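Report on the following structure.
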Amino acid sequence: MTTPLKPAQRQSFTGVRLRKHTDYQRAYAAGRKRQSASMSWFLAPQSPAVTAASSPGGPRVGLTAGKVMGKAHERNRMKRRMKEALRRHLDLLPMGCDLILHPRRTVLTMDFKKLEAEIVRILQQATADASRMTQNSNPSASPKATS
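Next up, the structure:
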């Protein structure tokens with residue numbers, strides 16, 4: 169006997185997006201570039217001014233596709249596909265961090281399930297990296313070694 173699938177819970181992308189150019193520039197400067205099969209990504213801790221002004225420590229994500237990626241309708245399609253895959257997994261975004269995704273042209277033609285799986289892998293790795301960043305920046309939270 170199979171159980172009926174629950175309808176997908178509607179999650180909104182509102183309030184999770186990086187919007188200002190300065191936020192992107194700060195994330196590029198503070199973050200480190202990482203690579204995956206079909207995109208590169210940056211992860212940076214949010215600045216204290218950002219966390220005080222907006223939701224405290226809420227995760228934010230930015231999607232970019234430069235003109236080198238193709239014509240406007242192709243860039244928009246890449247971003248729409250990535251946005252939908254991210255929307256389904258907003259709960260995996262690392263708290264207190266900004267994540268920026270740069271697609272490669274393969275995002276246009278790859279199967280959506282593969283794209284979604286890759287984004288989930290990136291989000292899991294970003295969450296692990298974010299927890300390492302907070303442990304390194306907060307030495308009082310880590311157990312002290314006794315010698």
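To convert, note that position 70 of the sequence shown is 238 in the numbering used here; the numbers rise steadily by one, no gaps.
Glycine included, each C-beta is placed from N, C-alpha and C at the ideal position.
Keep in mind that this is a model prediction, so the values were computed, not measured.
Put simply, the backbone Cα of Gln193 is about 20 angstroms away from that of Arg272. The Cβ atoms of His270 and Thr295 do not sit closer than 7 angstroms to each other. Counting only the Cα atoms, Ile290 lies some 8 angstroms from Ser204. In this structure, the CA atom of Gly234 is about 8 angstroms from the CA atom of Arg243. Cβ-Cβ distances below 8 angstroms link Val184 to Gly226, Pro227, Arg228, Val229, Leu258, Leu261 in the same chain, with the five nearest sequence neighbours on each side left out; the list follows chain order.
Contact between Met301 and Pro216 does not hold, since their C-beta atoms are separated by about 14 angstroms, which reaches or exceeds 8 angstroms. Val288 is not a Cβ neighbour of Ser206, given a cutoff of 7 angstroms. Asp266 sits close to Ala195, with the two beta carbons spaced by under 7 angstroms.
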